[in-house]
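Residue numbers (our numbering): 175 to 309.
Encoded structure:
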């Protein structure tokens, strides 16, 4: 059997390097861009809820949020119902950078699966998701 772990690592490394290069002008690394995408899709999400969809530990999420607040890409708004938590929203700058990130990710996704025959792309995506969900 092929070394699945090695090929996943190779693909992940390639993808991270490529997206880091493309998003470097916006000071977004391979994980920070994902925060932008998910906060866009879930406006008002809390830091704790973000953990459920990003698969990064709480300290990593806290650091990422702090960086994005510093870059003026997101706002933390104290939750009026639970003062211990804050809701996360994209700022106007964050909404602009979201458009760039979404375009770059779409292009990257297409490049990553370009060598897979058209009739197998949907199944490949499902299989890859299944692998990720088992981890």
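Using N, Cα and C, we set each Cβ at its ideal position, and we do this for glycine too.
Since the model is a prediction, treat every value here as computed from it, not as a measurement.
{"Asked": "Cα-Cα separation, residue 249 to residue 216", "Found": "13 Å"}
{"Asked": "Coil, strand or helix - residue 249 by DSSP", "Found": "strand"}
{"Asked": "Residue 205, DSSP secondary structure in three states", "Found": "coil"}
{"Asked": "The segment 256 to 270 in contact with the segment 290 to 304 per 3-pair CB rule at 8 Å", "Found": "no"}
{"Asked": "Burial state of residue 290, where buried means 16 or more other Cβ atoms lie within 10 Å", "Found": "exposed"}
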